[in-house]
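Visitor:
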């Protein structure tokens, strides 16, 4: 099963009838971490797993070191860092427009949000993408086709004993 941490943030934005875009997702995620604890999104994912009796899951969108810290308390947690070059990420974003990136019109906009996500500018409650990535036990580069990514993921899962 796949659990996307931003789905919890989107739910909060919808409850408050706020627009969903990259900035509002970042802001609401930061606010949730600030008011409910930096590990709140990891807690929400674990709660969902318990409620739905999910034994194994991919948790997508870890953006804060406290989330990793909390998840590492769980049995058999593996952090896999998946990266692509900025130009690839931008090209994919432009090609796959969604509510998440609907406010990004240019390379400059993209770079602004990338920096905002990496700097943890909101202290411990902010996004810390690069710091999180560096905590991974396994690293995958995703600069080519989807099939190549799938094969790389299968190899890592085989290495850690998950089929």
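In our numbering, the protein residues as written are 1374 to 1536. Note that the Cβ used here is the ideal one computed from N, Cα and C, for glycine as well. Note that this is a predicted model, so its numbers are computed, not measured.
1) Could you say if the stretch 1449 to 1467 and the stretch 1496 to 1509 meet the contact criterion of at least three C-beta pairs nearer than 8 angstroms?
2) Which class does residue 1479 belong to by DSSP, given the choice of helix, strand or coil?
3) Report the three-state DSSP secondary structure of residue 1408 (helix, strand or coil).
4) Hey, residue 1391 and residue 1435 are a contact pair by Cβ (cut 8 angstroms); roughly how many whole angstroms apart?
5) Would you call the stretch 1485 to 1492 and the stretch 1414 to 1430 touching, i.e. three or more CB-CB distances under 8 angstroms?
6) Compare the Cα-Cα distances from residue 1498 to each of 1401, 1407, 1400 and report the closest residue.
7) Contact between the stretch 1399 to 1414 and the stretch 1432 to 1448 is defined here as three or more beta-carbon pairs at a separation below 8 angstroms; is this criterion met?
8) Is residue 1456 helix, strand or coil by DSSP?
9) Does DSSP classify residue 1535 as helix, strand or coil?
10) Give me the DSSP bridge partner(s) of residue 1382.
11) Have a look at 1463, 1375, 1419, 1422 and flag the residue whose alpha-carbon is nearest the alpha-carbon of residue 1480.
Guide: Looking at the coordinates:
1) With a cut-off of 8 angstroms, the stretch 1496 to 1509 and the stretch 1449 to 1467 count as touching, because enough Cβ pairs lie within range.
2) It is coil, neither helix nor strand.
3) In this structure, DSSP gives residue 1408 a helical state, which the three-state scheme calls helix.
4) No, residue 1391 and residue 1435 are not in contact; Cβ-Cβ is about 23 angstroms, not under 8 angstroms.
5) Contact annotation: the stretch 1485 to 1492 does not touch the stretch 1414 to 1430, with fewer than three C-beta pairs closer than 8 angstroms.
6) Ranking the options by Cα distance to residue 1498, first place goes to 1407.
7) A contact is defined here as three or more CB-CB pairs under 8 angstroms, and the stretch 1399 to 1414 meets this definition with respect to the stretch 1432 to 1448.
8) The answer is strand: DSSP assigns residue 1456 an E or B state.
9) Assigned with DSSP and collapsed to three states, residue 1535 falls in coil, not helix or strand.
10) According to DSSP, residue 1382 bridges with nothing at all.
11) With respect to the C-alpha of residue 1480, the residue from 1463, 1375, 1419, 1422 having the closest C-alpha is 1463.
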